[in-house]
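To start, the structure under review is shown below, and the notes come after it.
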Amino acid sequence: MDMIKPVILWTDILIWLLVISLSAFLFTLRKNPESRAQWRQVFSSKLGMVTFIIILSYIALALIDSLHFRKALSHTEGQDIETVYYSNTVNSALDALLGEMGELKERSYSSPFSLKSFTKENMTDENGQPYRGYPELEHAGSHLDNKTGHINDILLQSLIGIGKGLIVGLFLCALLKAFTRSSDLPWRTAMITLLIVCALLGWMLHVGNLYHVLGTDRAGNDTLYDSIKGIRTGVLIGTLATLIMMPIAITLGICSGYFKGWVDDVVQYIYTTLSSIPGILLIAAAILQFQVFIDLNPNFFEVGLEKADARFLGLCFILGITSWAGLCRLLRAETLKISQLPYVQAAHAFGVSHLRIIRRHILPNVMHIILITFVLDFSGLVLAEAVLSYIGVGVDSAMPSWGNMINLARSELSQEPVVWWNLIGAFFFMFTLVLSANLFSDLVNDAFNPKNRQER
Amino acid sequence: MFAYIIRRLFYAIPILVGVNLITFFLFFVVNSPADVARAHLGEKYVTQEAIDNWVAEKGYNRPLMFNAQASGTEMVTDTIFFQKSLRLFTFNFGPADDGRDIASDVLTRMGPSLALAVPSFIIGIWVNICVALLVVMFRGTRLDKAAVALFVSLMSISGLFYIIGGQYLVSTVWRLVPISGFEPGWMAWKFLILPVVIGVVAGIGLGARWYRTLFLEAADQDFARTARAKGVSELGVLFKHVLPNAMLPILTGVVVVIPALFMGSLLMEAFFGIPGLGSYMLDAIRAQDFAIVRTMVFVGSVLYIIGLILTDISYTLADPRVRLN
Amino acid sequence: MDNAMPRFGTRRFLSKTLLLTSLLILGACSEPWNDPNPPEKPGETVYYGSYSSRLQHLDPARSYSAEETVFIDQIYEAPFRYHFLKRPYVLEPSLAEAMPEVTYLDKDQQPVPMDSDKLAYSLYTIHLKQGVKYQPHPALANDEWGNALYLFNSPEQSLQYPTLYDFPENGTREMVAGDFVYQIKRLSDPQNKSPLLGFLSNYIVGMSEFGEQVMERPRDQWLDLRKTPLEGVKAVDDYTLTIRIKGLYPQFSYWMAMHFFSPIPWETDRFYNNPGFADRNLTLDWFPIGTGAFMMTRNDPNRGITLERNPNYRFDPFPSEGELADLTNGNLNDAGQAMPFIDRATFRLEKESLPQWSKFMQGWYDRSGDDTHNISSSNFDRAFVVSGDGLELSQEMQDKGITVSTEVKPSIYYYGFNMKDPVVGGYTEDKRKLRRAISLIMNTEEFLEIFANGRGETAMGPIPPGITGYVEGEAGINPYLYDWVNGKPKRKSIEVAKRLLAEAGYPNGRDKKTGKPLIIYLDTTGGSAGPIADWRRRQFEKIGVQLEYRTSDYIRFKQKMRAGNTQLFGWGWLADYPDPENFLFLLTSSQTSESCQCDGSNTANYQNPEYDRLFDQMKTMENSPEREAILARMVEIVRRDNPWMGGYHVKEYYLNNSWVTNTKRHGIARDTLKYLKLDKETRSGKQREWNTPVIWPLLATFAALTLLIWPAVRAYRRRQTLRVSPAIEQSGRSN
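Protein chains in written order, with this note's numbering: chain A, 41 to 496; chain B, 207 to 531; chain C, 574 to 1308.
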């Protein structure tokens, strides 16, 4: 009997495919001396190394969170021994990694590291007299015998957690050391960053299972857990939205610039039309329509998460459409320029087929535009998710996301005393990712954009 | 030039037809007219008859694209698409699904939207350019690096945080301005000052960084160096030589946005209770009012195309070498 | 000289900052900065309120939503109204001189006694007050010869008055019985899309025929409805109105207390049918004209609504009778005084509850809410503390002098089982047990405590408190789900639920035969995430049942409800009038969507012949012990079959600032603004006290900016005075 049943979501497939193909793509680029030099330029700066490692750890968490499965239910009497039924809650490998963090639910709000509830409740004292007080939390600090000195325990557990993290980090550093030779890149910085990230993760994992590091929300869910689960949504929306539309944008953009004439007219018409529609209205309209399709076809989806996933995919798709026109326009302009170059003209004269010219001469020369668009769009899309969720046309509310967290946390600011940790949790995780992505994309842009290179 | 503008306007027609086609299909798949009717007729005691009446009254009982029962041109004209979508070209928007005339709502709501968008836009550009010039003046120094780091950090914060945080601190904790609301006329400043400030601050990161790049390109060109060599002060160089020479790229980015100011800001208007077109759209999206969304999409597209034409025209004004034909 | 210049500049800058600062501080002493309300006219008493969703209809024939009645009921009056203070709810005459006289007729319109078999009609005779005048309105403006001033032939002609506020002349006239007839004809005219058309046609004689006749007429111009007779409704003279309805329907008087039966002068329809008016939103749907204490002087759908005292309002004294409690808590202090007590009421559209609440706490709104209470659950803990015997205002609220008004609406919220569903529906004993098991684990008491902060009462049956047929105490509990322990109802244990589930064929939540887990689908518009959704799921897990959400938008949800494609769903009912008939009809088979071919009120598709028979018997009876016996039997049937679960009756809490009095809430009537009283002086004092601006951040920002600019200026000057040296030349180039 299988204990788990894998659940393969569309977005899971896509993100894994993306990562694999991207790695393969980078691997093939190894031979190309020019792009080697460009990447070297990116990573030769300490900032590039640091941000890359941070982004990489986000992506790693997102990937782990993209392995979904359902646990089997235990057998009962009268059940056919061959058939196994599975729970309708979907877990991911990340849930397994995070241990019990997601399952330690309290009744309602509690502040970070607190052992007591944030709101007063009716309680009875030893003599059976009712009084109002802050009840102790069910899970936070439940490992303690004596709850008075829990500050010391937090420090102690933090040390243990950081220690665990450092061990993993050192192991990774050793691996890194073994596989890298060139010494002109700032590997030291890379290792230090890696150690810090590992220590932080180790600390979160260890202490997060004992206390509520970022407190709990209204329903008593751990805020740190929610924030970490939000990573997958953020990373996926930033990558998939660009990726999904990329084949179409590349095909149309290059065809338009290469063939000119009526093809050019049609492509220009399509992207002018699409980009003249106010983006937010287009997204809202499309998402509403997609939601209706999901609602009308409940049989397509076995568990609730699959519905949320379908909507998420739709969101990526429509976000891609709204940002597609820009890439298409850039590609068209660049192709126009390249196809005028003498060697392309010469290839024409020799009767080389169009497909071959595009593949051999044009595509490699517009690759940097695609790469730059991909990196530059990433952070904007992560930010857009939050805004769309606020308007109500973002990801499904069943899906953990920073946008949904912000949306829920907004009214908490009017509480007295103020509940700040939900907002801060989402803020911290989102800010780190977007900041790293922005800094990294700047470096990539500097290295790959020929305009910048000339100036150097 | 006039010939050019007229030709551009002529080109706009197929684009707008395309826009209409897209929204038309999107919205008639989402809700059949009968569904919309049910949503607007209220909750208790709704009969099928009342729904049929509503659908007929709004003219949603026609065929979508092609009327087989009609004859001659009516085969095309007596359809929902022709009546509801193509009629927009005459700027006759008709009534919203809740019965109010859209055109007059759009006109009255344009005022508050502009009252917020125009100051945010102008002050925003002004502040961004000033900050960018200041930073460019110190290019190569640590100040420059720190400023760029600050810009990137500022632009990495979601706009929602600026709004939520600003509103919480300034209105709730410090009680400096009203939390939300709007009054027409000069009373409006009290309500607008906070959203404008937040809008400007939230935009500094992205804006100033962009201007900095533009100015930096111009600041190290030969003419700037010559001017400096002639003894023109650094401020003079920046304002007399760098700024005008960075004008062309600035116009590309800025002019196209100006017509879109009419559409207002969705988030700001929603958070600060400003009754502009942004919150109009938000309400329409939430209520699934097809008539309003259709109109706003059309208006938005028209404004976008106007923006493109304006950009072209502004080129000729900024750079005499550019000629439109 | 060279050095003196910048210092001079700095001094000037500093003095400017100082001046600005002192101005700011001076300003701070006078008025709060964050006053969102427009300035008042001197001597005027203004009420500040809010509402949360954009209104759609203000036409009294069309509107049927609670938010709209907040305004409509201040402007329009019906023949009858509910007494402001008395409980249980009683009707009193409003525009009528007295309560209606009812006579009973046979099919030849000859009088018969009430209990006669031959009874075919009930005839209501209503005597109206004399001298009641309409609010000033351009529709009633006449020239000196008595001809209407504002009638136009073309849209161009009417364009000289773009909005309703541009008409220089207003007029009024006396209300007559014909205006009621005219309004009932408007209700009957299908063109006006009255939500009650279908319902009232079953009762008022000649209503459907009238509709058919009218629809045959050409409708391109204004159609004078006065010219088409409506058989059952007549104006005997200017002050006497008769309405003839089919059969016996004692609850009809309640309908005549709703705004649907307000008088409308026919001139209004003629006025609003002027060419071009509808295109400019000049319709009765937006600009009402009534006889009420307030008239609408501004209706900006985007910002808000202003009501002003109706100058033509009759003498209407504050009631001098009430409940016993009203004597002690000062609700009768104003007895006998002429209403209304305020001159103007401005209502701002506040779509988000957060700023609305903050403004209330700052004193800019007089009450926490007008259409809804607006105390979101996150604010509730700030406002209330739960003490041994119920809710109490928190210390913070008490310090502010805030008072609380409670309101028990005759309403019920519940989860319905779709009785047609193959899994949870059906009338066999094991299906009943399944429903009962699910009802048991859906712990309404816990739900109310966590999510509604105890603002509600668990429903023991379909009839809410305050309505005939509701039974208090031990006799009133639902014995299938509750035990009476220590003077309180106590929900039966989870073990009982598990046993019931096993008896229903799902031991441990798994199908007895196949072992397949039982999954219950809840249809909702609310989304499948969030605290409440989590909580529900956890309740189901207690007996091993999996709960799955099927979410959709409201339109789709209603479609599913109509088609019967649901399994479990959340629903609610707010009564139109305080009679058990208005609740029990929700479960009669004639109200299912299938049998009425409409959005049926019997959402659970419950069908029980015995229940239907008892209902027909009960609905025409006056309140009596016999009626209560029948009600008890009907409630018992519902409890046994269990088509609804997790029901509760809402108890709402509204907060009032200390300067507002006469704020007693009525569960049904909304025409309460005229009773309300304000103390202006206290208000402005408190507002000033609560809204002292905190200025240091402003100063700090200025200081920080200065600190930033100052080194920049200095560095710039240093740079300007630099001499060109080879090193610098180089560094300049490397940029």
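For each residue, glycine too, the CB sits at the ideal point set by N, CA and C.
Q. If we cut at 8 Å on Cβ distances, does A:N405 have a partner in chain B?
A. no
Quick check on C:K1237: does DSSP put it in helix, strand or coil?
coil
- Straight-line Cα distance separating A:F83 from A:D224: 10 Å
- Could you name the residues of the same chain whose beta carbon sits closer than 8 Å to that of C:W1057, not counting the 5 residues immediately before and after it, in chain order? E1047, I1050, K1063
Q.
Restricting to runs no shorter than 3 residues, where is the beta strand (DSSP E) found entirely within the region 598–683 of chain C?
A. 619–624, 653–655, 664–666, 674–678
Query - Cβ-Cβ distance between A:I202 and A:W243 below 8 Å - result: yes
| Is DSSP giving C:F867 helix, strand or coil here? | strand
Report all residues from its chain with a CB closer than 8 Å to the CB of C:K1250; omit the five preceding and five following residues, and keep chain order. D907, F914, I915, V1233, T1234, N1235
Extent of the continuous alpha helix (DSSP H) to which C:K1259 belongs: 1253–1263
From C:A1288 to B:T347, what distance separates their C-alpha atoms? 11 Å
Subject >> Among A:K145, A:I277, A:R76, nearest to A:E178 - alpha-carbon criterion >> reply: A:K145
- Listing by chain order, which chain A residues have their CB less than 9 Å from the CB of B:R431? What B:R431 touches in chain A: nothing, since even the nearest Cβ is about 15 Å away.
Exercise for the section: Name the residue from C:R1292, C:R1291, C:N1264, C:T1294 whose alpha carbon lies nearest to the alpha carbon of C:W606. Expected result: C:N1264
inquiry  = My assumption, with CB atoms under 8 Å, is that B:I410 sits in contact with B:V337. Please give the rounded CB distance.
reply    = 6 Å
Terminal residues of the beta strand (DSSP E) in which C:H1222 lies: 1217–1229
Can you tell me whether C:N1196 is helix, strand or coil according to DSSP?
coil
Point to revise | Contacts that A:I334 makes with chain B (C-beta to C-beta distance below 8 Å) | key: Those do not exist, as A:I334 stays about 12 Å from chain B at its closest Cβ, beyond 8 Å.
Checklist entry - In three-state terms, what does DSSP make of C:D1056? => result strand
Q: Scan the region 223–244 of chain A for residues whose Cβ lies nearer than 8 Å to a Cβ of chain B and list them as they occur along the chain.
A: none
**Asked** So the beta strand (DSSP E) C:W1146 belongs to, where does it begin and stop?
**Response** 1141–1147
Cβ contact (3+ pairs, closer than 8 Å) linking the region 1167–1185 of chain C and the region 796–807 of chain C | no
Original post:
Within the 8 Å Cβ cut-off, does B:I221 reach chain A?
Top reply: yes
_Using beta carbons (cut-off 8 Å, strictly below), is C:I1092 in contact with chain A?_
yes
Under 7 Å, CB to CB, which of the residues in the region 459–491 of chain B have a partner in chain A? M469, L472, L473, M487, L488, I491
Check distances from the C-beta atoms of the region 385–397 of chain B to those of chain C and list, in chain order, the residues that come in under 9 Å. I385, S386, G387, F388, E389, P390, M393, K396, F397
Nearest-angstrom beta carbon gap, A:S315 and A:A365 [assumed within contact, 8 Å]: 4 Å
Which residues in the same chain as C:Y621 place their Cβ atom closer than 7 Å to its Cβ, once the five residues preceding and following it in sequence are excluded? N610, T919, W937, Y938, D939
Q. First and last residue of the alpha helix (DSSP H) that includes C:T1176?
A. Neither: C:T1176 is in no alpha helix (DSSP H) and is coded neither H nor E.
message: As a quick exercise: from B:I404, B:L457, B:G391, pick the residue whose alpha carbon is nearest that of B:Y417.
response: B:L457
Quiz item: Taking the C-alpha atoms as reference points, what is the distance between A:D165 and C:Q968?
Solution: 23 Å
ask   = Can you list the residues of chain A that B:T229 reaches, using a CB-CB cut of under 7 Å?
value = A325
Practice task
Quick one: give me the first and last residue of the beta strand (DSSP E) that C:L696 is part of.
Solution key: 694–700
For a cutoff of 8 Å on Cβ pairs, would you count A:R27 as touching chain B? The structure shown does not extend to residue 27 of chain A, since chain A is modelled only from 41 to 496, so the question has no answer here.
| What residue range is occupied by the uninterrupted beta strand (DSSP E) comprising C:E1030? | 1029–1031
(Q) If contact is defined by three or more beta carbon pairs under 8 Å, each pair taking one atom from either stretch, is the region 1267–1286 of chain C in contact with the region 980–995 of chain C? (A) no
If you draw a straight line from the alpha carbon of C:N743 to that of C:I648, how long is it in whole angstroms?
-> 17 Å
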